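In this note's numbering, the protein residues as written are 21 to 236.
The beta carbon of each residue, even a glycine, is placed where N, CA and C say it ideally should be.
Keep in mind that this is a model prediction, so the values were computed, not measured.
So the structure is just underneath, and the comments pick up after that.
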Amino acid sequence: MSIKNRISIINGEIKDNAELIVVSKTRSVEEIVQAYDQGHKKFGENRVHEIVEKHNILPKDIEWHMIGHLQKNKVKYISEFISLIHSLDRLSLAKEIDKNAEKQNRSLDCLIQIKISKEETKYGLNPIELDSFYNDLKEFKNIKIVGLMAMATFTNDQDLIAEEFKEMKRLFKKMKTINSNFKILSIGMSDDYKLAIKNGSNMIRVGSKIFGKRNY
């Protein structure tokens with residue numbers, strides 16, 4: 021099945037319930053162009069060098085999302101063009117984003133990444149620290165917090181994944197009452213996006229379901 025057909029199927033499944041971010045990490049420019057020619061313009065990457073290279077080559081109306089762990093010293097390379105940073109999880113990173121956004125004379129939209137999985141390989145903020153972290157972010161005038169992001173446990177246990185998504189839905193609803201700018205709940209990937217949407221996700225990040233198994 022073609023990339024075009026896979027995108028069409030997913031869009032048909034999610035309808036207007038969620039926004040699709042096509043995860044293009046490790047994918048070739050040619051593969052991304054196939055998705056772009058289908059009319060899709062929102063792509064997610066988790067490596068800075070890769071997102072910069074692709075931004076330089078591909079059409080400028082593409083919206084690039086940084087979905088991976090972001091190192092402070094790499095922020096300067098993406099601050100000019102990035103549409104949304106999904107992985108804000110520490111104040112030192114916020115300070116760097118704010119500084120570089122100011123240099124670009126722009127405000128950068130960010131999601132706070134929450135660690136809902138107990139896996140040590142996952143990044144994110146402890147949920148119990150969310151309130152204080154959010155309050156600390158108010159000093160940064162060039163950052164706009166627009167929602168939350170999380171990655172569920174890598175498991176076949178659908179009940180566990182559902183519980184993690186429900187916790188994210190609860191946190192999101194709470195934060196929306198505090199700040200009306202909280203509009204995005206970015207949960208759900210190739211294997212669990214349907215379950216995520218059932219539990220309140222309005223942004224999903226899908227790669228292998230569109231492109232096939234990842235190239236390394």
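Contact between Ala216 and Phe185 holds: CB atoms are separated by about 5 Å, below the 8 Å threshold. Going by DSSP, Gln133 is part of the beta strand (DSSP E) stretching over Leu128 to Ile134. For the set Val166, His89, Lys164 and Leu111, the Cα lying nearest the Cα of Tyr143 is the one of His89. With a cutoff of 9 Å on beta-carbon distance, Ser99 and His85 are scored as not near each other.
Here the C-alpha atom of Glu65 lies approximately 30 Å from the C-alpha atom of Thr197. Bridge partners of Met223 according to DSSP: Glu39 and Ser206. Boundaries of the beta strand (DSSP E) harbouring Met86: Glu83 to Met86, taken from the DSSP string. Between the stretch 63-82 and the stretch 118-126 there are fewer than three inter-stretch CB-CB distances shorter than 8 Å, so the stretches are not counted as touching. The continuous beta strand (DSSP E) containing Ala170 extends over residues Ile163 to Ala170. Excluding its 5 nearest sequence neighbours in each direction, Glu70 has C-beta neighbours in its own chain below 7 Å: Lys45, listed in chain order. Cβ-Cβ separation between Asn146 and Lys138: approximately 11 Å, too far for a contact (criterion under 8 Å). Straight across, the Cα-Cα distance linking Ile52 with Ser228 is about 13 Å. Cβ-Cβ distances below 8 Å link His60 to Ile27, Leu40 and Val42 in the same chain, with the five nearest sequence neighbours on each side left out; the list follows chain order. When beta bridges are read from the DSSP output, Ile105 appears opposite Met86 and Cys130.
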